[in-house]
Amino acid sequence: MATLLDNYEQQYAILTADITGKIGQLSSKTAGERKPLIAELDRQLEEALELLEQMELEVREVEATQRPRLRTRVDSYQAELRRLKQAFENACSTTHIDGLGDGTEELFINDGVSVKEEQRQRLLNNSERLERTGNQLISGYRTVIETEEVGNQVLQDLAIQRETIQRARSRLRETDADLGRSSRLMSGMVFRSLQQRFILIGVSVAIGIVIIWCIYYAFAKNS
(Lines of atoms letter the chains of each structure in order from A and count residues from 1; the text may use other names and numbers.)
(Lines give C-alpha, C1' and ligand atoms only; values in the text may rest on other atoms or scores of the structure.)
Protein backbone atom coordinates (compact mmCIF):
# COMPACT_ATOMS: atom_id res chain seq x y z
CA MET A 1 0.00 0.00 0.00
CA ALA A 2 2.76 2.46 0.99
CA THR A 3 4.76 1.53 -2.13
CA LEU A 4 1.79 2.30 -4.39
CA LEU A 5 1.26 5.66 -2.68
CA ASP A 6 4.96 6.46 -3.09
CA ASN A 7 4.67 5.72 -6.82
CA TYR A 8 1.71 8.09 -7.11
CA GLU A 9 3.64 10.80 -5.28
CA GLN A 10 6.66 10.38 -7.54
CA GLN A 11 4.48 10.60 -10.65
CA TYR A 12 2.73 13.67 -9.23
CA ALA A 13 6.03 15.45 -8.47
CA ILE A 14 7.36 14.82 -11.99
CA LEU A 15 4.05 15.83 -13.58
CA THR A 16 3.67 19.09 -11.63
CA ALA A 17 7.28 20.05 -12.37
CA ASP A 18 6.56 19.55 -16.09
CA ILE A 19 3.35 21.59 -15.80
CA THR A 20 5.25 24.41 -14.09
CA GLY A 21 7.80 24.53 -16.88
CA LYS A 22 5.17 24.54 -19.63
CA ILE A 23 3.18 27.33 -17.98
CA GLY A 24 6.35 29.40 -18.01
CA GLN A 25 6.73 28.75 -21.75
CA LEU A 26 3.31 30.13 -22.68
CA SER A 27 4.48 33.75 -22.81
CA SER A 28 7.21 32.97 -25.35
CA LYS A 29 4.99 31.01 -27.75
CA THR A 30 3.12 32.29 -30.76
CA ALA A 31 -0.65 31.98 -30.97
CA GLY A 32 -0.35 28.86 -33.10
CA GLU A 33 2.13 27.27 -30.69
CA ARG A 34 0.12 28.17 -27.59
CA LYS A 35 -3.01 26.28 -28.65
CA PRO A 36 -1.53 22.72 -28.50
CA LEU A 37 0.48 23.67 -25.40
CA ILE A 38 -2.68 24.81 -23.61
CA ALA A 39 -4.43 21.59 -24.61
CA GLU A 40 -1.50 19.58 -23.27
CA LEU A 41 -1.58 21.53 -19.99
CA ASP A 42 -5.31 20.89 -19.66
CA ARG A 43 -4.69 17.18 -20.05
CA GLN A 44 -1.81 17.16 -17.56
CA LEU A 45 -3.82 19.08 -14.96
CA GLU A 46 -6.59 16.50 -15.29
CA GLU A 47 -4.01 13.73 -14.93
CA ALA A 48 -2.63 15.39 -11.78
CA LEU A 49 -6.16 15.58 -10.36
CA GLU A 50 -6.67 11.87 -11.05
CA LEU A 51 -3.39 11.07 -9.27
CA LEU A 52 -4.59 13.02 -6.22
CA GLU A 53 -7.85 11.07 -6.23
CA GLN A 54 -5.89 7.81 -6.32
CA MET A 55 -3.76 9.05 -3.40
CA GLU A 56 -6.91 9.83 -1.39
CA LEU A 57 -8.19 6.29 -1.98
CA GLU A 58 -4.87 4.82 -0.85
CA VAL A 59 -4.80 7.01 2.29
CA ARG A 60 -8.23 5.69 3.28
CA GLU A 61 -6.88 2.14 3.21
CA VAL A 62 -3.83 2.67 5.45
CA GLU A 63 -3.76 2.12 9.20
CA ALA A 64 -5.43 4.77 11.34
CA THR A 65 -2.12 5.69 13.02
CA GLN A 66 -0.53 6.63 9.67
CA ARG A 67 -3.58 8.26 8.09
CA PRO A 68 -3.25 11.85 9.54
CA ARG A 69 0.35 12.21 8.33
CA LEU A 70 -0.48 10.98 4.82
CA ARG A 71 -3.67 13.07 4.75
CA THR A 72 -1.60 16.21 5.43
CA ARG A 73 0.70 15.39 2.53
CA VAL A 74 -2.20 14.89 0.11
CA ASP A 75 -3.76 18.18 1.29
CA SER A 76 -0.51 19.99 0.48
CA TYR A 77 -0.51 18.43 -3.00
CA GLN A 78 -4.10 19.59 -3.54
CA ALA A 79 -3.20 23.13 -2.51
CA GLU A 80 -0.25 23.07 -4.90
CA LEU A 81 -2.48 21.88 -7.76
CA ARG A 82 -4.93 24.71 -7.07
CA ARG A 83 -2.06 27.20 -7.32
CA LEU A 84 -0.93 25.66 -10.60
CA LYS A 85 -4.46 25.87 -12.03
CA GLN A 86 -4.70 29.53 -11.01
CA ALA A 87 -1.32 30.27 -12.57
CA PHE A 88 -2.41 28.47 -15.74
CA GLU A 89 -5.61 30.50 -15.94
CA ASN A 90 -3.64 33.73 -15.39
CA ALA A 91 -1.17 32.76 -18.09
CA CYS A 92 -4.00 31.96 -20.52
CA SER A 93 -5.65 35.33 -19.80
CA THR A 94 -2.37 37.15 -20.34
CA THR A 95 -1.59 35.39 -23.61
CA HIS A 96 -5.15 36.08 -24.76
CA ILE A 97 -4.64 39.81 -24.21
CA ASP A 98 -1.32 39.58 -26.06
CA GLY A 99 -3.09 38.02 -29.04
CA LEU A 100 -5.75 40.72 -29.44
CA GLY A 101 -5.55 43.06 -32.46
CA ASP A 102 -3.57 42.54 -35.63
CA GLY A 103 -0.34 41.77 -33.87
CA THR A 104 1.20 45.16 -34.48
CA GLU A 105 -0.90 47.47 -32.29
CA GLU A 106 -0.13 47.97 -28.61
CA LEU A 107 -2.16 49.82 -26.03
CA PHE A 108 -0.27 52.26 -23.82
CA ILE A 109 -0.98 53.34 -20.29
CA ASN A 110 -0.38 56.85 -18.95
CA ASP A 111 3.32 56.50 -18.21
CA GLY A 112 4.12 55.22 -21.71
CA VAL A 113 4.60 51.57 -20.82
CA SER A 114 2.58 49.19 -23.07
CA VAL A 115 -0.07 46.89 -21.60
CA LYS A 116 1.47 44.02 -23.55
CA GLU A 117 4.90 44.54 -21.98
CA GLU A 118 3.38 44.86 -18.52
CA GLN A 119 1.45 41.60 -18.96
CA ARG A 120 4.57 39.81 -20.18
CA GLN A 121 6.55 41.01 -17.21
CA ARG A 122 3.80 39.87 -14.84
CA LEU A 123 3.69 36.47 -16.51
CA LEU A 124 7.47 36.21 -16.30
CA ASN A 125 7.32 36.91 -12.58
CA ASN A 126 4.56 34.32 -12.16
CA SER A 127 6.61 31.80 -14.12
CA GLU A 128 9.61 32.36 -11.88
CA ARG A 129 7.45 31.90 -8.80
CA LEU A 130 5.97 28.73 -10.27
CA GLU A 131 9.41 27.39 -11.04
CA ARG A 132 10.56 28.08 -7.49
CA THR A 133 7.38 26.46 -6.15
CA GLY A 134 7.94 23.41 -8.35
CA ASN A 135 11.51 23.09 -7.14
CA GLN A 136 10.34 23.43 -3.54
CA LEU A 137 7.71 20.75 -4.14
CA ILE A 138 10.27 18.34 -5.58
CA SER A 139 12.68 19.13 -2.73
CA GLY A 140 9.91 18.62 -0.17
CA TYR A 141 8.95 15.33 -1.78
CA ARG A 142 12.55 14.13 -1.63
CA THR A 143 12.76 15.18 2.02
CA VAL A 144 9.58 13.26 2.80
CA ILE A 145 10.91 10.16 1.05
CA GLU A 146 14.23 10.40 2.91
CA THR A 147 12.40 10.88 6.21
CA GLU A 148 10.24 7.85 5.52
CA GLU A 149 13.32 5.79 4.64
CA VAL A 150 14.93 6.79 7.95
CA GLY A 151 11.68 5.98 9.78
CA ASN A 152 11.44 2.59 8.08
CA GLN A 153 15.05 1.83 9.01
CA VAL A 154 14.34 2.77 12.64
CA LEU A 155 11.27 0.52 12.64
CA GLN A 156 13.32 -2.33 11.20
CA ASP A 157 15.99 -1.83 13.88
CA LEU A 158 13.30 -1.81 16.57
CA ALA A 159 11.79 -4.99 15.15
CA ILE A 160 15.22 -6.67 15.22
CA GLN A 161 15.79 -5.53 18.80
CA ARG A 162 12.34 -6.76 19.80
CA GLU A 163 13.05 -10.14 18.23
CA THR A 164 16.38 -10.30 20.07
CA ILE A 165 14.67 -9.50 23.39
CA GLN A 166 12.02 -12.14 22.73
CA ARG A 167 14.71 -14.75 22.01
CA ALA A 168 16.55 -13.74 25.18
CA ARG A 169 13.33 -14.10 27.19
CA SER A 170 12.73 -17.49 25.64
CA ARG A 171 16.23 -18.63 26.57
CA LEU A 172 15.73 -17.25 30.08
CA ARG A 173 12.50 -19.21 30.46
CA GLU A 174 14.27 -22.34 29.24
CA THR A 175 17.09 -21.72 31.73
CA ASP A 176 14.56 -21.25 34.53
CA ALA A 177 12.90 -24.52 33.55
CA ASP A 178 16.28 -26.31 33.54
CA LEU A 179 17.10 -24.83 36.95
CA GLY A 180 13.71 -25.96 38.25
CA ARG A 181 14.31 -29.50 37.01
CA SER A 182 17.81 -29.48 38.52
CA SER A 183 16.45 -28.21 41.82
CA ARG A 184 13.81 -30.94 41.91
CA LEU A 185 16.43 -33.55 41.05
CA MET A 186 18.75 -32.33 43.82
CA SER A 187 15.87 -32.27 46.29
CA GLY A 188 15.01 -35.85 45.37
CA MET A 189 18.62 -36.96 45.77
CA VAL A 190 18.89 -35.28 49.20
CA PHE A 191 15.61 -36.84 50.28
CA ARG A 192 16.73 -40.30 49.18
CA SER A 193 20.08 -39.79 50.90
CA LEU A 194 18.38 -38.82 54.14
CA GLN A 195 15.95 -41.70 53.77
CA GLN A 196 18.80 -44.16 53.29
CA ARG A 197 20.64 -42.67 56.27
CA PHE A 198 17.61 -43.08 58.52
CA ILE A 199 17.20 -46.65 57.34
CA LEU A 200 20.87 -47.35 58.05
CA ILE A 201 20.60 -45.86 61.51
CA GLY A 202 17.45 -47.87 62.16
CA VAL A 203 19.16 -51.09 61.06
CA SER A 204 22.21 -50.27 63.18
CA VAL A 205 20.04 -49.63 66.22
CA ALA A 206 18.14 -52.87 65.62
CA ILE A 207 21.41 -54.84 65.29
CA GLY A 208 22.73 -53.19 68.45
CA ILE A 209 19.57 -54.14 70.34
CA VAL A 210 19.83 -57.71 69.12
CA ILE A 211 23.49 -57.93 70.16
CA ILE A 212 22.74 -56.49 73.60
CA TRP A 213 19.82 -58.87 74.02
CA CYS A 214 22.01 -61.83 73.01
CA ILE A 215 24.72 -60.87 75.52
CA TYR A 216 22.16 -60.36 78.23
CA TYR A 217 20.54 -63.71 77.45
CA ALA A 218 23.91 -65.46 77.52
CA PHE A 219 24.83 -64.05 80.98
CA ALA A 220 21.40 -64.76 82.30
CA LYS A 221 21.59 -68.41 81.18
CA ASN A 222 25.05 -68.97 82.69
CA SER A 223 24.04 -67.59 86.01
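Here the numbering used here is used: the first residue of the sequence shown is 17, the next is one more, and so on. For each residue, glycine too, the CB sits at the ideal point set by N, CA and C. These numbers were taken from a predicted model, which means no experiment stands behind them.
Taking 8 Å as the limit between beta carbons, can you name the residues of its chain near residue i, skipping five residues before and five after?
{"i": "Glu-121", "result": "Low local confidence applies: a pLDDT of 38 at Glu-121 is under 50, so the model's placement there is unreliable, and no value is given."}
{"i": "Asp-34", "result": "Gln-60"}
{"i": "Leu-65", "result": "Leu-97"}
{"i": "Lys-101", "result": "Leu-61"}
{"i": "Glu-56", "result": "Lys-38"}
Can residue i and residue j be called in contact, C-beta distance under 9 Å?
{"i": "Gln-82", "j": "Tyr-24", "result": "no"}
{"i": "Val-90", "j": "Glu-72", "result": "yes"}
{"i": "Ser-145", "j": "Ala-95", "result": "A small correction: the amino acid at residue 145 is Arg; Ser does not occupy that position in the sequence shown. Their beta carbons are not under 9 Å apart, which means Arg-145 does not touch Ala-95 by this criterion."}
{"i": "Ala-29", "j": "Ile-154", "result": "yes"}
Can you give me the start and stop residues for the alpha helix (DSSP H) that residue i sits inside?
{"i": "Glu-56", "result": "47-77"}
Roughly how many angstroms lie between the CA atoms of residue i and residue j, to the nearest whole one?
{"i": "Ile-39", "j": "Glu-62", "result": "15 Å"}
{"i": "Leu-68", "j": "Glu-49", "result": "29 Å"}
{"i": "Leu-21", "j": "Ile-54", "result": "29 Å"}
{"i": "Leu-210", "j": "Val-221", "result": "16 Å"}
{"i": "Leu-42", "j": "Arg-158", "result": "28 Å"}
{"i": "Glu-179", "j": "Thr-191", "result": "18 Å"}
{"i": "Gly-196", "j": "Gln-212", "result": "24 Å"}
{"i": "Arg-200", "j": "Ile-215", "result": "22 Å"}
{"i": "Ile-225", "j": "Ala-234", "result": "14 Å"}
{"i": "Gln-177", "j": "Glu-105", "result": "54 Å"}
{"i": "Gln-169", "j": "Ile-161", "result": "12 Å"}
{"i": "Ile-217", "j": "Ser-198", "result": "28 Å"}
Is any heavy atom in the ligand FMN found nearer than 8 Å to the beta carbon of residue i?
{"i": "Leu-171", "result": "Ligands are entirely absent from the displayed structure, and the ligand FMN is therefore not among its contents."}
Counting only the same chain and skipping the five closest in sequence on each side, list residues whose C-beta sits under 6 Å from that of residue i.
{"i": "Arg-87", "result": "Val-75"}
With DSSP as the reference, label residue i as helix, strand or coil.
{"i": "Gln-95", "result": "Looking at the sequence itself, residue 95 is Ala, so the reference to Gln does not match. It is helical."}
{"i": "Thr-81", "result": "coil"}
{"i": "Thr-36", "result": "helix"}
{"i": "Ser-220", "result": "helix"}
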